[in-house]
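Remarks on the structure that follows.
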Amino acid sequence: MTKLKYYLRRFFYSLFVENFNKKIKYNWDSLPRRYDIINKIILKRKYISYLEIGCFKNENFNQINIDKKIGVDPVSGGNMTMTSDQFFKQNSLKFDIIFIDGLHVYDQVIKDIFNSIKILNQNGIILVHDCLPRKLWYQTPTRMSNTWNGDVWKAIVHCRTLENIDTYTCLADEGIGVIKVQKNNNLLKLKLSNFKQLKYKDYYLDRQNLMNIISSEKLINEIS
Ligand SMILES: C[S@@+](CC[C@H](N)C(=O)[O-])C[C@H]1O[C@@H](n2cnc3c(N)ncnc32)[C@H](O)[C@@H]1O
């Protein structure tokens with residue numbers, strides 16, 4: 641039933657939105673996991689507070705070694721049962737590191753990023769999961785495949801065009817967006833009124849430039 645639903649959605653998506661079947665061969669199994677990277681950053685920067693948006697089975701949340709951690713999810717995992725919007729509305733705490741991995745659609749992710757910037761401690765860092773989809777079907781705004789990155793990548797492209805934040809994408813674990821609140825060192829000059837217009841083909845052909853992709857070694861080395 642689910643497969644049939646996915647195939648029907650794909651049929652209409654390829655008719656009315658986009659039909660482009662090139663795949664990217666990222667081999668995530670051979671690269672570090674999200675929690676390894678998060679823990680390395682925590683250790684290097686001596687961070688003490690962590691927020692995770694979207695926890696599911698706590699596969700990542702339980703691996704994070706830090707004094708204070710809050711996990712927000714309306715359905716399962718973490719320690720606060722609510723949506724990210726509800727959390728940000730009532731929250732008065734600040735965090736050193738925030739991992740955004742909730743609802744994987746552009747509108748929600750960009751909102752989660754902007755809300756996270758407001759509660760980030762100085763010298764803090766924001767990470768965003770699922771930024772490097774490997775196929776058209778992994779990045780549709782509605783789910784059409786078991787692996788689902790959603791169109792998170794479009795929120796990263798949007799961030800890349802802003803002057804007061806510096807945004808990268810780390811080549812690991814489905815792509816980890818990295819956002820620092822500092823002058824943009826590699827501003828993307830792209831004028832778009834709506835980043836949702838971007839197509840997977842745009843990303844496929846120009847992803848290095850759009851996403852500012854770096855290795856996990858470079859990311860960790862540059863953290864002081
Ligand atoms: C991909 S899973 C998270 C996986 C987890 N971070 C990990 O690394 O193992 C996404 C989670 O986001 C949650 N979610 C969906 N909408 C959300 C929202 N509006 N705010 C916060 N979490 C949300 C879902 O319930 C789901 O558990």
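Each residue of the sequence shown is one higher than the one before, counting from 641 in the numbering used here.
Here a beta-carbon is modelled for each residue, glycine too, at the ideal position from N, C-alpha and C.
Closest by C-alpha distance to V821, when choosing among L828, F835, L802 and G815: The residue with the shortest Cα to Cα distance from V821 is L802.
Going by CA-CA distance only, name the one from N826, N661, K643 and I863 that's closest to G764. The residue with the shortest Cα to Cα distance from G764 is I863.
Is it true that the CB of I766 sits closer than 8 Å to the CB of K865? Outside the modelled stretch of the chain, which goes from 641 to 864, sits residue 865, for which no answer is possible.
Inter-residue Cα distance where the pair is D747 and N667: Straight-line Cα distance between these residues: approximately 28 Å.
I'd like to know if the stretch 720-735 and the stretch 773-793 are in contact, where contact means that at least 3 CB-CB pairs between them fall below 8 Å. Taking 8 Å as the limit for Cβ pairs, the verdict is that the stretch 773-793 does not touch the stretch 720-735.
Counting only the same chain and skipping the five closest in sequence on each side, list residues whose C-beta sits under 7 Å from that of C799. In chain order, I753, I805, T807 and I819 place their CB closer than 7 Å to the CB of C799, counting only its own chain and leaving out the 5 sequence neighbours on each side.
Quick check: the stretch 831-849 against the stretch 682-689, are at least 3 beta-carbon pairs closer than 8 Å? Not touching, per the Cβ criterion.
By the three-class DSSP mapping on this structure, what secondary structure does E857 have? Here E857 sits in helix by DSSP.
State the CB to CB distance for the pair E658 and Y840, rounded to an integer number of angstroms; the pair is presumed to be in contact (CB under 8 Å). In this structure E658 touches Y840 by the C-beta definition: roughly 6 Å separates them, less than 8 Å.
Distance between I738 and L648 (C-alpha atoms, nearest Å): Taking the CA atoms as reference points, L648 sits about 36 Å from I738.
Three-state secondary structure (DSSP) of Q762: Taken through DSSP and simplified to helix, strand or coil, Q762 comes out as strand.
Go ahead and pull the three-state DSSP assignment for F728. Note: F728 maps to helix in three-state DSSP.
By the 10 Å Cβ neighbour count, where 16 or more other Cβ atoms means buried, how is L859 classified, buried or exposed? When all chains shown are included, L859 counts as buried.
Relative to the C-alpha of D813, which residue among S785, V768 and I682 is closest? Taking the Cα of D813 as reference, the smallest distance to any Cα among S785, V768 and I682 is reached at V768.
Proximity below 8 Å, CB of H744 to CB of N789: Cβ distance < 8 Å, so H744 and N789 count as in contact.
Quick check on the DSSP output: what are the complete alpha helix (DSSP H) runs of length 4 or more inside the stretch 749-802, in order along the chain? If we require 4 residues or more, the alpha helix (DSSP H) runs fully inside the stretch 749-802 come out as 792-800.
Tell me which residues share the same chain as I682 and place their Cβ nearer than 6 Å to its Cβ, disregarding the 5 neighbours each side in the sequence. Apart from the 5 residues on each side of it in sequence, I682 sits with its Cβ closer than 6 Å to the Cβ of I706 in its chain, given in chain order.
Just to check my reading of the structure: I710 and M720 have Cβ atoms closer than 8 Å, yes? What is that Cβ distance to the nearest angstrom? Indeed they touch by this definition, with Cβ atoms about 6 Å apart.
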